[in-house]
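S.K.: My structure is below; once you've seen it, I'll send some questions.
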Amino acid sequence: MSDTRRKKSGDAPVHKPASNRNPVSNARKRRKKVTLSQRWRRASFATRFKIISIGTITTICVIALVTGLVYFLRWYNDLQAAEARQLELSQQYNFDPGNIISDGQFFNGNAMSEAEIQSFLDSKGGAIATMRFDTTTQKADELCGEYKGAKQERAAAIIEKSGRACKVSQKVLLTVLQKEQHLVTATEPNDFQLKSAMGLSCPDDDSCDPQYAGFFRQMFGAAKRYQYYVRHEGDYAYQSGKLTPILYNPDKNCGSADVYIRNKATALLYIYTPYQPNKAALEAGDGEGDACSTYGNRNFSNIYNYWFGNPRN
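When we follow UniProt numbering, the leftmost residue of the sequence shown carries the number 1, and every step to the right adds one.
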């Protein structure tokens, strides 16, 4: 006879056998018991290599990012300090070591005509105003246009033609001519002054590279050399858009200061004369500073400003 009695409320609950429980839940519980060390032991060589590679690459990337960030922050702080210093020098002494002259003024090959140059030289009273020199034809190349040589050309013609051929301002050439050998105002220049007119490949003694010796070779050669520096700026330590430590003097004990070089014209001036004036040189105006002072780029800026106005405009 079947038991038709109703189950009382106090009766024990009926349990399902283990085989009837949720198999998915059991599998999950079993998987949770597998430790990382067990997984590592069970992993194949390829899997282990992949895990190690990913971890190593991730670590390297993190280190590189942190290092890059530290370097950037240091560079940015140095840049801010350099720009603050340059602004102070510009306001106090009208000289910015990172922007000695603008590209627009430096590379204007039509800044002055021959007649304007002749009039300018006459007004300065130097002997160069009446001097004439034989010149030779220079073929056009990637740096300069053709220069047609002639017998007994005036200095004014050589300056004008050199600037126009190489797209360098005649005002710049006149400034360098005065900075290097005072030839714009010298009333009795000696042979060395004429031989080394622009200071091109001529040390500060009686020697000069014969290839560049003489007024014409100096003038055209300097204009061409400037364009060479522009084309090969990356080969030199001084480059536009770079924060660069620049010495005050050939004696490294005199120290240096970081300069943010703003343009190509300023960069090539440092390639040509690789020193900046120290504070003593700037305070001296056109005079002498101290034992660590150098004057080349200071004098360029001063002379240009006196004769042609602000070189940074």
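We put the CB at the ideal spot given by N, CA and C, even for glycine.
#1: To the nearest angstrom, how far is it from the Cα of ALA213 to the Cα of LYS139?
#2: Nearest CA to the CA of LEU247: which residue from ARG298, VAL230, PRO274?
#3: Pairs of beta-carbons, one from the region 221-229 and one from the region 244-259, closer than 8 Å: are there three or more?
#4: Below 8 Å on the Cβ atoms is my guess for LYS171 versus PHE308; work out the distance and round it to an integer in Å.
#5: Using a Cβ cut-off of 8 Å (strictly closer), state whether PHE192 contacts chain D.
#6: Just to confirm, are MET112 and GLU142 a CB contact at a threshold of 8 Å?
#7: Determine which residues share a DSSP beta bridge with LEU247 and list them.
#8: Spell out a yes or no on whether the region 117-134 and the region 148-162 are touching, meaning 3 or more CB-CB pairs, one atom from each, closer than 8 Å.
#9: Among GLY98, ARG298, ALA280, which has the Cα closest to the Cα of ASP290?
#10: What is the rounded straight-line gap between the Cα of ARG298 and the Cα of ALA115?
#11: Here's a check: name, in chain order, each residue in its chain whose Cβ is nearer than 8 Å to the Cβ of ILE60, leaving out the five neighbours to either side.
#12: Does the distance from the C-beta atom of THR175 to that of ILE261 stay below 8 Å?
#13: Alpha helix (DSSP H) containing CYS166: first to last residue?
#14: Could you give the distance in angstroms between the alpha-carbon of GLY287 and the alpha-carbon of LEU69?
#15: In the DSSP assignment, what are the bridge partners of GLN138?
#16: According to DSSP, is PHE107 part of a helix, a strand, or is it coil?
#17: Assign ARG312 to one of three DSSP states: helix, strand, or coil.
#18: Helix, strand or coil for SER133, going by three-state DSSP, please let me know.
#19: Exposed or buried, what is GLY104 when buried is set at 16 or more other beta-carbons lying within 10 Å of its beta-carbon?
#20: Looking at C-alpha atoms only, which residue of ASN190, ALA284, CYS144, TYR270 is the closest neighbour of LYS242?
#21: Following the continuous alpha helix (DSSP H) through MET219, name the residue where it begins and the one where it ends.
#22: Note down, in chain order, each residue of its chain lying with its Cβ closer than 7 Å to the Cβ of TYR93, except the 5 sequence neighbours on either side.
#23: Any idea what DSSP makes of LYS179, helix, strand or coil?
#24: Using the beta-carbon count (16 or more within 10 Å), is PRO210 buried or exposed?
M.R.: Considering the structure as presented:
#1: Mapped onto the sequence shown, residue 213 falls at position 213. Mapped onto the sequence shown, residue 139 falls at position 139. Near 19 Å, if we compare the C-alpha coordinates of LYS139 and ALA213.
#2: In the sequence shown, residue 247 corresponds to position 247, counting from 1. When each option's Cα is compared against that of LEU247, the closest is PRO274.
#3: no
#4: In the sequence shown, the residue the question calls residue 171 occupies position 171. In the sequence shown, the residue the question calls residue 308 occupies position 308. Yes, LYS171 and PHE308 are in contact; Cβ-Cβ is about 5 Å, under 8 Å.
#5: No chain D is present in this structure, which holds just one protein chain.
#6: For the purposes of this step, residue 112 is taken as the residue at position 112 of the sequence shown. For the purposes of this step, residue 142 is taken as the residue at position 142 of the sequence shown. No, the Cβ-Cβ distance between MET112 and GLU142 is not below 8 Å.
#7: Within the sequence shown, the letter at position 247 stands for residue 247. Beta-bridge pairing links LEU247 to SER256.
#8: The count of Cβ pairs closer than 8 Å, one atom from the region 117-134 and one from the region 148-162, reaches three, so the stretches are in contact.
#9: The residue given as residue 290 occupies position 290 in the sequence shown. Check the Cα spacing between ASP290 and each of GLY98, ARG298, ALA280: the tightest is with ALA280.
#10: Translated into the one-based positions of the sequence shown, residue 298 becomes position 298. Translated into the one-based positions of the sequence shown, residue 115 becomes position 115. Cα to Cα, ARG298 sits roughly 29 Å from ALA115.
#11: Taking the sequence shown and counting its residues from 1, one reaches residue 60 at position 60. If we look at ILE60 and ignore the five residues flanking it on each side, it has no Cβ neighbours.
#12: Reading the sequence shown from its first residue, position 175 is the one you call residue 175. Reading the sequence shown from its first residue, position 261 is the one you call residue 261. In terms of Cβ geometry, THR175 and ILE261 do not form a close pair [threshold 8 Å].
#13: Position 166 of the sequence shown, counted from the start, is the residue given in the question as residue 166. CYS166 -> alpha helix (DSSP H) spans 155-166.
#14: Indexing the sequence shown from 1 puts residue 287 at position 287. Indexing the sequence shown from 1 puts residue 69 at position 69. Taking the straight line joining both Cα atoms gives about 45 Å.
#15: On the sequence shown, residue 138 is found 138 positions in, with the first residue counted as 1. Partner(s): TYR147.
#16: Here residue 107 refers to the residue found at position 107 when the sequence shown is read from its first residue. Coil at PHE107, not helix or strand.
#17: Position 312 of the sequence shown, counted from the first residue, corresponds to residue 312. DSSP places ARG312 in coil when its eight states are reduced to three.
#18: Translated into positions along the sequence shown, residue 133 becomes position 133. Note that residue 133 is Phe in the sequence shown, not Ser. Three-state DSSP puts PHE133 in a strand.
#19: Looking up residue 104 in the sequence shown gives position 104. Taking every protein chain shown into account, the CB of GLY104 has fewer than 16 other CB atoms within 10 angstroms, so this residue is exposed.
#20: To locate residue 242, count along the sequence shown from 1; it is residue 242. Minimum Cα distance to LYS242 is reached at TYR270.
#21: The residue given as residue 219 occupies position 219 in the sequence shown. Residues 215-231.
#22: The residue labelled residue 93 in the question sits at position 93 within the sequence shown. Correct list, in chain order: LEU282.
#23: Locating residue 179 in the sequence shown gives position 179, where the first residue counts as 1. Note: LYS179 maps to helix in three-state DSSP.
#24: Position 210 of the sequence shown holds residue 210. Label assigned to PRO210: exposed.
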